[in-house]
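To convert, take the position in the sequence shown, counting from 1, and add 74; that gives the numbering used here. Beneath this line is the structure, given in structure tokens, with notes to follow.
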Amino acid sequence: MKITQVVVNVLRVPVDLPYVAGGRTVDANWHVVARITTSDGVEGVGYVVYPRPDLMTTIGHAARELGEYLIGMNVLEPEAAWDRLARRGDWVGPGGLLHCALCPLDIALWDAAGKTLGQPLHRLLGGYRDRLPTYASDGLWYSLSPDELAASARRHVESGFDAVKLRLGKEATPELEALRVRAVREAVGPDVRIMVDATESWSLTRARRTGRVLQDAGIAWLEDPVRHLDVAGLAELRRQLEVPIAAGEHLYHLDAFRMLLEARAVDVVILDLARVGGVTPWRKIAAMAHAHRIAVCGHVVPEIQVHLLSAIPNGHLVEYVPRSAGILRSMPRLEKGELVAPPGPGLGLELDEPAIRRYQVD
């Protein structure tokens with residue numbers, strides 16, 4: 075069960091339809107993939123994915139360097155491993171690139187632990203259930219016209235989703251933002267939940283006005299209406315609006331989540347697996363949210379998040395953005411609006427090895 079080898083590669087995976095994110099056109103998703111091999115011949119796999127080539131190469135080099143310190147460690151001791159790597163990298167400060175570099179290694183450790191013990195990750199982490207409601211979030215960008223947005227949402231519903239999430243925040247008035255929501259509502263019918271991600275686009279005043287208009291349009295939650303550092307603003311919106319407030323994907327540290335929760339600033343906390351640093355800190359933050367009676371959702375990588383969210387009692391919804399479908403033999407199954415956690419040991423995922431070789435750049 076000792077770790078004998080760690081290999082890290084960077085992949086550039088082209089997307090079928092380019093999209094706009096963060097003010098830039100994305101034509102590929104970049105992955106940092108870590109593989110950990112044990113003395114028993116078990117291989118654990120973990121990865122992070124972002125549409126940022128400038129950062130991902132750096133993250134790949136950092137993960138490769140940190141991975142050397144895992145050699146000789148027991149694969150069933152991920153807490154000790156995470157602490158050791160965090161201490162080795164603390165010269166760059168906590169969070170940031172350090173957490174993103176730690177994440178694929180930490181996921182690979184947990185995958186290898188599950189395979190060593192013959193248990194799927196969701197059971198290893200708690201086993202609260204084996205599936206969770208999911209929502210479609212891909213191809214619902216603010217760069218689309220209302221008609222294009224409605225058509226994309228309709229395709230998701232026809233594929234079996236009963237909830238979708240739109241990106242808003244670029245229109246000139248609250249009424250124009252609501253027009254996009256109403257176009258989708260007309261396309262998908264009255265029973266489909268429509269969430270909204272404002273991508274931190276608004277001032278507090280604008281968020282207050284737009285939030286009232288959007289809640290009248292029937293949205294199921296309002297995500298990131300203001301900057302993630304404006305905890306007081308989020309708390310004020312939560313008090314003044316009836317629609318649930320969701321936030322958290324831009325946070326890195328346990329302390330940041332503690333302040334968010336203690337301020338009663340959100341109804342739903344969203345965890346980005348890479349930013350928090352992997353499975354090991356993810357579950358601590360989720361437990362802290364449970365203590366505050368707050369629901370937890372994940373940001374992207376649904377094939378991994380479904381394990382984590384299914385393992386805990388306050389898991390709420392899985393965001394379905396299949397950015398890693400191009401490097402996997404298959405994604406988890408969708409059944410009646412729920413994503414099923416893969417039943418195989420560890421993550422229960424199988425890499426598409428020809429695709430890995432084809433897309434590898436480092």
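Just so you know, even glycine gets a beta-carbon here, dropped at the ideal spot from N, CA and C.
> I401: buried (16+ other C-beta within 10 angstroms of its C-beta) or exposed?
Replying inline: buried
> Since P194 and P417 are thought to touch, with beta carbons under 8 Å apart, how far apart are those beta carbons, to the nearest angstrom?
Replying inline: Rounded, the Cβ-Cβ distance is 6 Å, consistent with contact.
>> In the DSSP output, what is V353 paired with across the bridge?
In response: Within the DSSP bridge table, the entry for V353 names no partner.
>> Would I181 and I430 qualify as a contact pair, given that the criterion is a beta-carbon distance under 8 Å?
In response: Cβ distance not < 8 Å, so I181 and I430 don't count as in contact.
>> Under DSSP, the beta strand (DSSP E) around I268 begins and ends at which residues?
In response: 267-271
>> Could you tell me the alpha carbon to alpha carbon distance between G163 and L172, rounded to whole angstroms?
In response: Spanning the two alpha carbons is a distance of roughly 6 Å.
> Relative to the C-alpha of V100, which residue among A160, L278, S217 is closest?
Replying inline: S217
> Contact between the segment 226-242 and the segment 259-273: three or more CB pairs below 8 Å?
Replying inline: yes
> Alpha carbon to alpha carbon, what distance is there between C174 and I133?
Replying inline: 7 Å
>> Let me make sure I understand the geometry here. Which of L85, L140, H196, H373 has the alpha-carbon closest to that of L423?
In response: Checking every option, the nearest Cα to that of L423 belongs to H196.
> Using 8 Å as the threshold, is the segment 247-263 in touch with the segment 279-296, meaning 3 or more CB pairs across them?
Replying inline: yes
> What are the boundary residues of the alpha helix (DSSP H) that K189 is part of?
Replying inline: Residues 170-191.
> In whole angstroms, what is the alpha-carbon distance linking A306 and T112?
Replying inline: 47 Å
> Which residues in the same chain as V89 place their Cβ atom closer than 7 Å to its Cβ, once the five residues preceding and following it in sequence are excluded?
Replying inline: V100, D101, A102, N103
> Which of helix, strand or coil does DSSP assign to D101?
Replying inline: strand
>> Taking the straight line between their C-alpha atoms, what separation do you get for Q434 and N83?
In response: Roughly 7 Å between the two C-alpha positions.
> How would you label L303, buried or exposed, when you count the other beta carbons within 10 angstroms and need 16 or more for buried?
Replying inline: An exposed status is given to L303, since fewer than 16 other beta-carbon atoms sit within 10 Å of its beta-carbon.
> For R432, which residues from the same chain have a beta carbon less than 8 Å from its beta carbon, with the 5 sequence-adjacent residues on both sides left out?
Replying inline: none
>> As an exercise, report each continuous alpha helix (DSSP H) stretch of at least 4 residues that is fully enclosed by the segment 322-391, in chain order.
In response: 328-336, 347-350, 353-365, 376-384
> Measuring CA to CA, which of A339, L179, R158, R367 is closest to R313?
Replying inline: Nearest of A339, L179, R158, R367 to R313, Cα basis: A339.
>> Check for me: the beta strand (DSSP E) holding R301 runs from which residue to which?
In response: Looking at the DSSP string, R301 is not in any beta strand (DSSP E), and its letter there is neither H nor E.
>> Are the CB atoms of V343 and G322 within a distance shorter than 8 Å?
In response: yes
> Of the residues D128, V107, M130, which one's Cα is nearest the Cα of V119?
Replying inline: V107
>> For the beta strand (DSSP E) containing L206, name the first residue and the last one.
In response: 205-210
> What are the start and end residues of the alpha helix (DSSP H) that includes E260?
Replying inline: 248-262
> From which residue to which residue does the beta strand (DSSP E) around Y121 run?
Replying inline: Here the beta strand (DSSP E) through Y121 covers 117-124.
>> Let's test the definition: count the other Cβ atoms within 10 Å of the Cβ of G420 and tell me whether it reaches 16, buried, or not, exposed.
In response: buried
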